[in-house]
Amino acid sequence: MMKKLEILIASPPKIDGLRFRKFVGESDFPAMLHIIEAGAIADQEKIRDTLDDLKHAYTHLRNCDPYQDMIIAEINGEPIAYSRVEWWQEEDPQVRVYGYFINLLPEWRSQGIETAVIGWSEARLRDIAAEHPREIPKYFQIGSSESKVWLNEIVESLGFVAERYFVEMSRTLEDIPAAELPAGIEVRPVIKGQERKIWDASCEAFRGHWGIVQPEDHHYQEYASSKYFQPDLWQVAWHGDEVVASVLNYIDHDYNQKNHCLRGWTEDISTQRKWRKRGIATALILRSLHMHKALGMTEVALGVDTKGLSGALDLYLNLGYHIDKTYIWYRKPLA
14 MMKKLEILIA SPPKIDGLRF RKFVGESDFP AMLHIIEAGA IADQEKIRDT
64 LDDLKHAYTH LRNCDPYQDM IIAEINGEPI AYSRVEWWQE EDPQVRVYGY
114 FINLLPEWRS QGIETAVIGW SEARLRDIAA EHPREIPKYF QIGSSESKVW
164 LNEIVESLGF VAERYFVEMS RTLEDIPAAE LPAGIEVRPV IKGQERKIWD
214 ASCEAFRGHW GIVQPEDHHY QEYASSKYFQ PDLWQVAWHG DEVVASVLNY
264 IDHDYNQKNH CLRGWTEDIS TQRKWRKRGI ATALILRSLH MHKALGMTEV
314 ALGVDTKGLS GALDLYLNLG YHIDKTYIWY RKPLA
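Right under this line is the structure:
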């Protein structure tokens with residue numbers, strides 16, 4: 014390993030051949046994907062990412078230089094784990110988040126590698142935070158799930174507290190009720206040039222929700238250049254020229270191929286505040302279910318905050334969705 018790439022860790026675990034290094038570029042992606050997929054299988058999670066997904070994500074990083082903000086653990090030159098750090102300012106001016114994650118091959122878990130990588134990640138984030146205004150409250154954040162017991166035990170021992178729970182829900186495409194919109198509200202196919210207006214309206218509807226950041230142009234550009242941007246599948250309710258509500262549907266064909274399923278996604282479900290409690294979101298969701306079924310899907314899924322301001326979880330349960338998996342966002346003060 015070239016000395017300029019090596020990362021020195023204080024008191025690393027005593028494992029033959031263990032070394033830590035920096036990210037070197039796209040040539041690391043195949044090994045990173047292997048680590049992700051092996052971890053997902055061990056943790057009973059669905060396989061989601063592809064090489065193209067990694068390339069897209071790393072093309073659109075903000076507040077993160079992967080050449081300085083990543084650590085890769087190797088055994089005899091073979092990557093077995095990695096972490097990346099980044100930070101962001103939430104919409105709430107009193108919350109600045111310094112996040113990281115760790116992906117680790119299952120056979121190397123619980124041998125001290127996690128603690129070493131976490132220690133480096135938090136030290137790097139402290140260095141970054143030291144350059145930021147001191148008066149803004151700062152928090153470490155790491156995501157996990159109920160099935161990642163190995164990780165949850167570690168982060169809880171390090172002082173993290175479960176701050177928020179999100180769930181992934183799914184529904185078969187059988188027994189779908191008819192969709193009825195209130196008078197004066199209509200659904201129209203998305204015309205090219207309307208996409209940004211619809212996205213802006215969706216962002217506005219989510220203002221005030223937990224974890225939201227101020228939407229900026231780069232967020233839209235990242236979304237619009239991704240495989241999830243499928244405006245032909247969107248269900249958008251209008252009142253004249255006003256966007257009232259929307260469901261930004263998509264089909265992830267890579268996901269379906271990897272997981273041997275026919276699943277559509279009913280995501281980014283939103284209604285503008287003055288139009289809520291009129292059944293518009295319900296109608297758009299039901300229209301989405303009928304659409305996905307017509308496209309050959311056999312199930313749909315979505316993710317939702319269990320304590321969201323709009324009470325969406327109860328709505329989805331009432332529409333026949335059931336909870337498949339729980340995800341956890343841990344936080345602790347950055348001190």
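Convert by adding 13 to the 1-based position in the sequence shown; the result is the number in the numbering used here.
Idealized CB from N, CA, C, for every residue including glycine.
A quick note: this is a predicted structure, and the numbers were derived from the prediction, not measured.
Determine the DSSP secondary structure at residue i, reduced to helix, strand or coil.
i	result
G52	helix
E176	strand
H69	helix
M45	helix
Q81	helix
S215	helix
V168	helix
R220	coil
A325	helix
E19	strand
S40	helix
Residue range of the alpha helix (DSSP H) that residue i falls in?
i	result
M304	I293 to A307
V130	I126 to A142
E235	D230 to A237
Q270	H266 to N272
Kindly identify the DSSP beta-bridge partner or partners of residue i.
i	result
R109	Q102 and K151
T339	V180
S160	Its beta-bridge partners do not exist; DSSP assigns none.
G277	V313
L117	A94
D318	F179
K345	F153
Y334	Partner(s): none; Y334 has no beta bridge.
A86	F33 and A94
V200	A250
Y241	Y241 pairs with nothing; no bridge assigned.
S283	S259
T63	T63 is not bridged to any residue.
Am I right that residue i and residue j are in contact with their C-beta atoms under 8 Å? What's the rounded C-beta distance?
i	j	result
I155	F114	6 Å
I293	P195	7 Å
L138	L347	7 Å
A214	V256	4 Å
S157	K338	That belief does not hold up - the Cβ atoms of S157 and K338 are roughly 12 Å apart, past 8 Å.
E312	L186	6 Å
Q227	E104	5 Å
K35	M83	7 Å
N116	I49	6 Å
V130	A94	6 Å
W223	R177	6 Å
F179	Y111	Actually they are not in contact, since the Cβ atoms of F179 and Y111 sit about 20 Å apart, beyond 8 Å.
V108	P43	Incorrect: roughly 36 Å between the Cβ atoms, too far for contact.
Y268	K59	7 Å
E217	Q270	Not quite, the Cβ-Cβ distance comes to about 35 Å (not below 8 Å), so this is no contact.
R276	A325	R276 to A325, Cβ: 19 Å. No contact.
Using the Cβ count rule (16 or more neighbours within 10 Å means buried), how would you classify residue i?
i	result
N76	exposed
S283	buried
Q234	exposed
D265	buried
K287	exposed
P25	buried
I22	buried
V162	exposed
M40	It should be pointed out that residue 40 corresponds to Ser in this sequence rather than to Met. Its Cβ having fewer than 16 others within 10 Å, S40 is exposed.
Q248	buried
I322	Strictly speaking, residue 322 in this sequence is Leu, with Ile absent from that position. L322 comes out exposed.
A136	exposed
I198	buried
I225	exposed
Following the continuous beta strand (DSSP E) through residue i, name the residue where it begins and the one where it ends.
i	result
L31	L31 to R34
S259	E255 to V260
V249	Q248 to H252
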